[in-house]
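K.L.:
This is the structure I want to talk about, given as structure tokens.
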Amino acid sequence: MTTNREGRMTGRTVLVTGGTGGIGKATATGLAILGARVAITGRDRARAEAAAAEIRTRSGALVDVFVADLSSQSEVRRLAAAVLAELPRIDVLVNNVGGYWDTRHLTADGLERTFALNHLAPFLLTHLLLDRLEDSAPARVVTVSSSAQASGRIDFGDLQGEQSYSGAAAYSQSKLANLLFSYELARRVGSGHITANALHPGVVSTSFGAEDPSGVQRMVVPFLRPFMRSAAKGAMTSIHLASAPALSRVTGGFFTNGRPGRSSVRSYDEVAAGRLWGISEELVAG
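If you count by my numbering, then the sequence shown holds residues 53 to 338, one letter each, in order.
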């Protein structure tokens, strides 16, 4: 068991989506070592329980497990209800879950999977948990984006890729959407109660995109893997945003390598952010 030396998260509860592997599990582990009660989500119960057991062993912390496929809105709603029933407070929500698919897939709701999982899931879950975050204030919402946001464009005429689909374009669009959501959330909740920040974790060696990789991924990733970051290093900025005392009032920012930076010009388009927010509300209504 790892001894909790710092304890700056003692007494705080953190929910990490997609916490069964990769950056998500490393984030949950790091925050648990800092003293947090950690809750993780995953699609497979056996894998989630195994991840939780590993985190408990390394940290000695209390770890809760919630099972849900966040590409499904009914599953997001069920997850939120379970979280609200089990967790009396939520000090930090880490919107970490995400995926890449080279070919177009539809969810149970009939939505394009990349947009549904990477953007609509954190959008809906954050809304459903917002009152609990407010009650636990000061609270933080941390959203994992990507450097892919730099090439992202929100195609309001074809958000679901029905007319033309590219795995890379769908992914970069969703990562730009993460930023537009995070910045708009920061503006809407104001300062002092809930902060909202986003980050790029770096190029990390995980199983990301393995379900449906592109031909380029199949050829290039094996050669690049030795030069990629470990999951633990990739999680460092998420952990920093979730726990650093100096960031208690910092909101509406974009971080990489643990430092504030600038995201793409398109990510600061407040008109586009408001439009995307409205469309997202319509898509998750019900």
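The beta carbon of each residue, even a glycine, is placed where N, CA and C say it ideally should be. If you're wondering where the values come from, they're calculated on a predicted model, not measured in any experiment.
If we require 4 or more residues per run, which alpha helix (DSSP H) segments fall completely within the stretch 126-202?
P.N.:
As far as the stretch 126-202 is concerned, its whole alpha helix (DSSP H) runs of at least 4 residues are 173-187.
K.L.:
Runs of 4 residues minimum, wholly inside the stretch 276-322: which ones carry the alpha helix (DSSP H) assignment?
P.N.:
For the stretch 276-322, whole alpha helix (DSSP H) runs of length 4 or above, ordered along the chain, are 283-286, 288-295.
K.L.:
Using the three-state DSSP reduction, which class does Ala250 fall into: helix, strand or coil?
P.N.:
Strand, per DSSP.
K.L.:
Terminal residues of the continuous alpha helix (DSSP H) containing Leu67?
P.N.:
Run containing Leu67: none in the alpha helix (DSSP H); it sits in the beta strand (DSSP E), 65-68.
K.L.:
Report yes or no: do three or more beta-carbon pairs, one from the stretch 113-125 and one from the stretch 89-96, lie closer than 8 Å?
P.N.:
In short, these stretches touch, since the Cβ pair count reaches three.
K.L.:
Tell me whether Phe233 sits in a helix, a strand or coil according to DSSP, three-state version.
P.N.:
In the structure shown, Phe233 sits in a helix (DSSP, three-state: H, G or I).
K.L.:
Helix, strand or coil for Thr109? Go by DSSP, reduced to three states.
P.N.:
The answer is helix: DSSP assigns Thr109 an H, G or I state.
K.L.:
Work out the CA separation of Ala133 and Thr319 for me, nearest whole Å.
P.N.:
Reading the sequence as shown, one finds Ser at residue 319 and not Thr. Each residue's Cα considered, the two are about 31 Å apart.
K.L.:
How is Ile92 classed by DSSP in three states: helix, strand or coil?
P.N.:
Ile92: strand per DSSP, three-state reduction.
K.L.:
I'd like the span of the alpha helix (DSSP H) that includes Gly76, first residue to last.
P.N.:
Segment 74-85, the alpha helix (DSSP H) holding Gly76.
K.L.:
Taking C-alpha atoms, which residue in Ser198, Arg156, Glu236, Val115 lies nearest to Ala100?
P.N.:
Taking only the C-alpha atoms, the option nearest Ala100 is Val115.
K.L.:
Counting pairs of Cβ atoms below 8 Å between the stretch 290-299 and the stretch 71-89, do you hit three or more?
P.N.:
As far as the Cβ criterion goes, the stretch 290-299 touches the stretch 71-89, which means the pair count is three or higher.
K.L.:
So who's on the other strand from Phe118, going by DSSP bridges?
P.N.:
BP columns for Phe118 point to Thr93.
K.L.:
Using the beta-carbon count (16 or more within 10 Å), is Phe233 buried or exposed?
P.N.:
Phe233 should be labelled buried.
K.L.:
In angstroms with no decimal places, state the Cα-to-Cα distance between Asp210 and Ala105.
P.N.:
Distance between the alpha carbons of Asp210 and Ala105 is about 42 Å.
K.L.:
I need the straight-line Cα distance from Ala248 to Leu299, nearest angstrom please.
P.N.:
Ala248 and Leu299: Cα-Cα distance of roughly 11 Å.
K.L.:
Rounded to whole angstroms, what's the CA-CA distance from Gly326 to Ala221? Just pull it up for me.
P.N.:
Between Gly326 and Ala221, the C-alpha separation is close to 21 Å.
K.L.:
So the candidates are Leu158, Trp153, Leu237, Gln215; which of them puts its Cα closest to the Cα of Leu182?
P.N.:
Among Leu158, Trp153, Leu237, Gln215, the Cα nearest to that of Leu182 is on Leu237.
K.L.:
Report buried or exposed for Asn309, applying the criterion of at least 16 other Cβ atoms within 10 angstroms of its Cβ.
P.N.:
Exposed, since its Cβ has fewer than 16 Cβ neighbours within 10 Å.
K.L.:
Keeping to the same chain, check which residues put their C-beta closer than 8 Å to that of His179; ignore five residues upstream and five downstream.
P.N.:
Excluding sequence neighbours, His179 sits near Val336.
K.L.:
Is it right to say Phe208 is buried, meaning 16 or more other beta carbons lie within 10 angstroms of its own, or is it exposed?
P.N.:
Phe208 comes out exposed.
K.L.:
Under 8 Å between the Cβ atoms of Asn170 and Ile75?
P.N.:
Cβ atoms of Asn170 and Ile75: not closer than 8 Å.
K.L.:
Please classify Asp143: is it buried, with 16 or more other beta-carbons within 10 angstroms of its beta-carbon, or exposed?
P.N.:
With 16 or more other Cβ atoms within 10 Å, it is buried.
K.L.:
Within its chain, find whatever has a CB closer than 8 Å to the CB of Val272; leave out the 5 residues flanking it on each side and keep chain order.
P.N.:
Residue confidence is low: Val272 scores 45 on pLDDT, short of 50, so the model does not pin down where it sits. No coordinate-derived value is stated.
K.L.:
CA-CA distance, Ala160 and Ser124?
P.N.:
Roughly 6 Å between the two C-alpha positions.
K.L.:
Cβ atoms of Ser290 and Leu251: under 8 Å apart, would you say?
P.N.:
Going by C-beta atoms, Leu251 is nearer than 8 Å to Ser290.
K.L.:
If you draw a straight line from the C-alpha of Tyr152 to the C-alpha of Arg60, how long is it?
P.N.:
The alpha-carbon atoms of Tyr152 and Arg60 are separated by roughly 34 Å.
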